[in-house]
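Asker: Have a look at this one before I ask anything.
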Amino acid sequence: MQEETERTMAFAGILQAIMQVQLQARNGESDLDTLAASLHSILVTNPESPKDVYGESPDLKLGYEAIMNQLGDSRKKDVEVTRYLVGILALERKLSRDDAALGMLAERFTQVQRQLHHFDINDEQVIANFASIYSDIISPLGHKLQISGNPLHLQRPIVQQRIRALLLCAMRSAVLWRQLGGKRRHLVFSRKAIVDVAKNSLTL
Numbered sequence: 001m002q003e004e005t006e007r008t009m010a011f012a013g014i015l016q017a018i019m020q021v022q023l024q025a026r027n028g029e030s031d032l033d034t035l036a037a038s039l040h041s042i043l044v045t046n047p048e049s050p051k052d053v054y055g056e057s058p059d060l061k062l063g064y065e066a067i068m069n070q071l072g073d074s075r076k077k078d079v080e081v082t083r084y085l086v087g088i089l090a091l092e093r094k095l096s097r098d099d100a101a102l103g104m105l106a107e108r109f110t111q112v113q114r115q116l117h118h119f120d121i122n123d124e125q126v127i128a129n130f131a132s133i134y135s136d137i138i139s140p141l142g143h144k145l146q147i148s149g150n151p152l153h154l155q156r157p158i159v160q161q162r163i164r165a166l167l168l169c170a171m172r173s174a175v176l177w178r179q180l181g182g183k184r185r186h187l188v189f190s191r192k193a194i195v196d197v198a199k200n201s202l203t204l
C-alpha cells in the first residue's frame with residue numbers, strides 16, 4: 001500500500017503540472033502557490049521519499065482532484081489532459097535512455113539553485129531559466145507537445161515560459177513515477193486503487 005501511495009503522489013505531481021499548463025494556456029495564469037510547489041519539486045533531486053518532493057497533501061490538491069476526474073467514474077474526463085499525459089510519458093521514456101541529456105539537466109538545475117539565492121522561485125527570470133531547460137534538453141527528445149488554448153494568452157512570452165516550466169515539472173514527476181515502479185498498465189489495471197489513494201489524500 002505504501003508503494004501505491006508514493007506512486008500516486010508522483011502521478012498527482014504529473015497531473016498537477018499538466019492542469020496548470022491548461023490553466024495558463026486558457027486563462028493566462030494559475031494559482032501562484034500551486035505553481036511554486038510544482039517548481040520546487042524539480043529541484044529535489046535526491047529525495048528520501050516523495051514527501052520530500054511534494055510536501056504535504058494540500059500541495060497536491062489539484063493533482064489528486066485530476067486523478068479522480070481522469071481515472072474515476074466521473075464524467076469530467078478531459079481528452080486534452082490525457083493527450084498531454086501521453087506526450088509527457090513518451091518524452092520521459094526517451095529521457096531515461098539519454099545519459100547526456102540527464103547529465104545536462106543536473107548541470108542546469110545546479111545553475112537554478114544558485115539563481116534562487118537572489119530570486120524567488122516564481123520570479124520571471126527563474127521561470128525563464130526553467131523554460132529554457134525544457135526547450136534546450138527535453139523538447140528535442142521527441143514530438144513537440146501541441147498546447148491548446150486562447151491564442152491571446154499563448155502569444156505572451158511569460159505564459160509560454162510558464163507553460164514550458166510546468167512541462168518540466170511534469171517531466172520531473174514522470175521520472176519519479178517511473179523510479180517508483182509506475183507503468184502505463186497501472187493506469188488501466190490499478191485505477192481503483194489509485195483513485196482511492198487520491199480520495200484518501202484529499203481528506204487528510
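Per the UniProt record's numbering, residue 1 is the first one in the sequence shown, and the count goes up by one each step.
Even glycine gets a Cβ: it sits at the ideal position worked out from N, Cα and C.
(1) Only counting the same chain, and skipping five residues up and downstream in sequence, which positions put a Cβ closer than 6 Å to that of Phe11?
(2) Using the Cβ count rule (16 or more neighbours within 10 Å means buried), how would you classify Met19?
(3) Can you have a look at Val53 and say buried or exposed, based on whether 16 or more other CB atoms are within 10 angstroms of its CB?
(4) In terms of alpha-carbon separation, which member of Leu23, Glu6, Asp99, Ala36 lies closest to Cys169?
(5) In the region 102-157, which residue ranges form an unbroken alpha helix (DSSP H) of at least 4 residues, counting only runs that do not cross its ends?
(6) Would you identify the three-state DSSP class for Arg97, choosing helix, strand or coil?
(7) Rounded to the nearest angstrom, how far is the Cβ of Gly72 from that of Val188, given a contact under 8 Å?
(8) Check whether the region 14-34 touches the region 137-153, taking contact to mean three or more Cβ pairs, one atom from each stretch, closer than 8 Å.
(9) My understanding is that Thr8 touches Val197, with C-beta atoms under 8 Å, so please give their C-beta distance in whole angstroms.
(10) In the DSSP assignment, find the alpha helix (DSSP H) that holds Pro50 and state where it starts and stops.
(11) I'd like to know if the region 129-149 and the region 98-114 are in contact, where contact means that at least 3 CB-CB pairs between them fall below 8 Å.
(12) Might you give, ordered along the chain, the residues of its own chain that have their beta carbon closer than 7 Å to the beta carbon of Gln113, omitting 5 neighbours on each side?
(13) To the nearest angstrom, how far is the alpha carbon of Gln70 from that of Leu85?
(14) Considering just the uninterrupted stretch of the alpha helix (DSSP H) at Gly63, what are its terminal residues?
(15) Smallest Cα separation from Leu145: which of Leu91, Lys183, Asp98?
(16) Quick one: residues in its chain with C-beta nearer than 8 Å to the C-beta of Ser41, no 5 flanking neighbours on either side, listed in chain order?
(17) Do Leu141 and Lys94 have their CB atoms nearer than 8 Å?
(18) Kindly indicate which three-state DSSP category Lys76 falls into: helix, strand or coil?
Answerer: Concretely, from the data shown:
(1) Once the five neighbours on either side are set aside, the close Cβ partners of Phe11 are Trp177.
(2) Taking every protein chain shown into account, the CB of Met19 has 16 or more other CB atoms within 10 angstroms, so this residue is buried.
(3) That one is buried.
(4) Of the candidates Leu23, Glu6, Asp99, Ala36, the one whose C-alpha sits nearest the C-alpha of Cys169 is Ala36.
(5) Counting only unbroken stretches of 4 or more residues, the alpha helix (DSSP H) elements lying wholly within the region 102-157 are 124-133, 151-154, in sequence order.
(6) Arg97 falls in the coil class under three-state DSSP.
(7) At roughly 14 Å, the Cβ-Cβ gap does not stay under 8 Å, so Gly72 and Val188 are not in contact.
(8) Yes: at least three Cβ pairs fall under 8 Å.
(9) Beta-carbon to beta-carbon, Thr8 and Val197 are separated by about 4 Å, close enough to satisfy the 8 Å threshold.
(10) Going by DSSP, Pro50 is part of the alpha helix (DSSP H) stretching over 50-54.
(11) Pairwise C-beta distances place the region 129-149 in contact with the region 98-114, as three or more of them are shorter than 8 Å.
(12) Answer for Gln113: Leu43, listed in chain order.
(13) Looking at the two C-alpha atoms, the distance is approximately 11 Å.
(14) Element bounds for Gly63: 61-71.
(15) Just measuring C-alpha positions, the residue of Leu91, Lys183, Asp98 sitting nearest Leu145 is Leu91.
(16) Gly13, Val53, Tyr54, Cys169, Arg172, Ser173, listed in sequence order.
(17) Cβ distance < 8 Å, so Leu141 and Lys94 count as in contact.
(18) Note: Lys76 maps to coil in three-state DSSP.
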